[in-house]
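Engineer:
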Amino acid sequence: MYQQKTKKTDSSVIEFIERIDNLKKREDAYELLDIFTKTTGFEAKMWGPSIIGFGTYHYKYESGHEGDAPLVGFSPRKAKISLYFAPGDIKRGELLQAFGKHTSGKACVYINKVADININVLEELINQSVKFLRGKYPEV
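Next comes the structure, spelled out in structure tokens:
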């Protein structure tokens, strides 16, 4: 049976951020922490060793695979900062057009630094992702 790899932990978000070697990336992580916390109203939690997540939802696919994940989150990785939003939300693509310098994958949006993006659009992306996931996976 499948075991979910990325789970919520009791690790300290602040301790994780303080271990980031690159000073600018650490400052960006604190700025993102403030933005995500203010926008979602959720307390930041560590998911696995390197993802800072906000809120949670339970998903279940038609295949029977199910698990828990953060509604939104980010990870200040060495190469780029990964921002986690809802996969499958078509409004994400529209919002990303005004987001600023980024690349994107199925669920992640990658940025080099916070200064490259539009913070207002980031807040819209966060709100849209939470709204989309709450609609798709209503709490029981």
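Those letters in the sequence shown? Residues 1 to 140, by the numbering used here.
Glycine is no exception: its CB is placed at the ideal position from the N, C-alpha and C atoms.
Measuring only the C-alpha atoms, how far is Gly100 from Gly73?
Structural biologist: Each residue's Cα considered, the two are about 18 Å apart.
Engineer: Starting from Ile81, follow its DSSP beta bridges and name the residues at the other end.
Structural biologist: Answer is Pro76, Ile111, bridged to Ile81.
Engineer: Just to confirm, is the Cβ distance from Leu122 to Leu95 under 7 Å?
Structural biologist: No, the pair does not count as a contact, with Cβ atoms beyond the cut-off.
Engineer: Exposed or buried, which one is Leu23 when buried takes at least 16 other CB atoms within 10 Å?
Structural biologist: So Leu23 ends up on the exposed side.
Engineer: Between which two residues does the alpha helix (DSSP H) holding Ala29 run?
Structural biologist: Looking at the DSSP string, the run of the alpha helix (DSSP H) that includes Ala29 is 23-40.
Engineer: Please say whether Pro87 and Ala107 have beta carbons closer to each other than 7 Å?
Structural biologist: The answer is yes: Cβ separation under 7 Å.
Engineer: At the level of alpha carbons, what is the spacing between Leu71 and Lys38?
Structural biologist: Rounded to whole angstroms, Leu71 to Lys38 spans 14 Å at the Cα level.
Engineer: So Ile20 is in the beta strand (DSSP E); what residue range does that whole segment cover?
Structural biologist: Run containing Ile20: none; DSSP gives neither H nor E here.
Engineer: Have a look at Ile14 and Gly135 and give me their C-alpha separation to the nearest angstrom.
Structural biologist: Each residue's Cα considered, the two are about 31 Å apart.
Engineer: Compare the C-alpha of Cys80 against each of Leu33, Tyr57, Ile111 and name the closest.
Structural biologist: Sequence inspection shows Lys at residue 80; the Cys mentioned does not correspond to that position. The option with the nearest alpha carbon to Lys80 is Ile111.
Engineer: Tell me, to the nearest whole angstrom, how far the beta carbon of Ile51 is from that of Ser75; I am working on the premise that it is less than 8 Å.
Structural biologist: Contact holds; Cβ gap of about 5 Å.
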